[in-house]
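These notes are about the structure you will find just below.
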Amino acid sequence: MNMELSRRHFLKGAGAGLAGTTIGALGFGEAELAYADAIRPFKLAGTTETRNTCTYCSVACGIIMYSKGNLAKGEKAEIIHIEGDTDHPTNRGTLCPKGAALLDMVHAETRTKFPQIRKPGSDKFERVSWDVALDRVARLMKDDRDKNFIAKNNDGQTVNRWLTTGFLAASATTNETAFLTYKVVRGTGILAFDNQARV
Ligand code: SF4
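The numbering of the sequence shown is numbering that gives the first Met the number 0, which starts it at 0 and goes up by one.
Below, the structure is given as structure tokens:
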């Protein structure tokens, strides 16, 4: 027995077997069986599988994204299918309606793909590089913290609070990333700390 057999491959094989048994019981022959077996692989043939985490909520379900296009040849990769990862311990291949609709979010025209800045007095946003955006965020945070950090309260007790800046993190991360984010943000003294899942 192949001990490397993954849960996903097992389910794929079991599904094909069930389909074959059912079709065979209905009286179809070899050609129909071959056709039924070919339908699923055909859709995803030649695609690249990439594992990721659903972006929507803190359940953090595992997903597999299937993309076409060879980056090594200068082609643009395009995600054509997303499904739950049956090997993932959190969701075992299942997705809720939001997760099942992830492909629509990926291709949405309104999706934010890069940082933008609206300068004082301007009525429009301008695209900037990640370096510019991160430097600006860091500069503003440092200046605000230097100006408003509260080391002690009126009774002289050490409180180390920074109340004038808030931080919004992503909930769909690993435990390790979430732990580090929490430590860094709390280490600065920020109290207003949240994420999109409100947990
Ligand atoms: S699939 Fe649904 S439950 Fe799972 S992380 Fe996404 S939004 Fe949350």
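Just so you know, even glycine gets a beta-carbon here, dropped at the ideal spot from N, CA and C. Bear in mind that the values here come from a model prediction, so they are computed numbers and not experimental data.
- Less than 8 Å divides the Cβ of Lys-67 from the Cβ of Gly-45.
- Less than 8 Å separates the beta-carbon of Leu-102 from that of Ile-81.
- By the 16-neighbour rule on beta-carbons within 10 angstroms, Ile-62 is buried.
- Cβ-Cβ distances below 7 Å link Thr-163 to Asp-143 and Asn-147 in the same chain, with the five nearest sequence neighbours on each side left out; the list follows chain order.
- Collapsing the DSSP output to three states places Asn-69 in coil.
- Nearest in C-alpha terms to Asp-134, of all of Pro-114, Thr-157, Pro-96 and Ala-100, is Pro-114.
- For Leu-167, the enclosing beta strand (DSSP E) starts and ends at 166-168.
- Going by DSSP, Glu-175 is part of the alpha helix (DSSP H) stretching over 174-187.
- When C-beta atoms of the region 53-60 are compared with those of the region 88-105, three or more pairs fall below 8 Å, so the two segments count as touching.
- The beta carbons of Arg-160 and Gly-188 sit closer together than 8 Å.
- Within the DSSP bridge table, the entry for Asn-194 names Ala-168 as partners.
- Boundaries around Lys-97 are those of the alpha helix (DSSP H), 96-99, since no beta strand (DSSP E) includes it.
- Boundaries of the beta strand (DSSP E) around Ala-150: 149-151.
- In terms of Cβ geometry, Ala-171 and Cys-53 form a close pair [threshold 8 Å].
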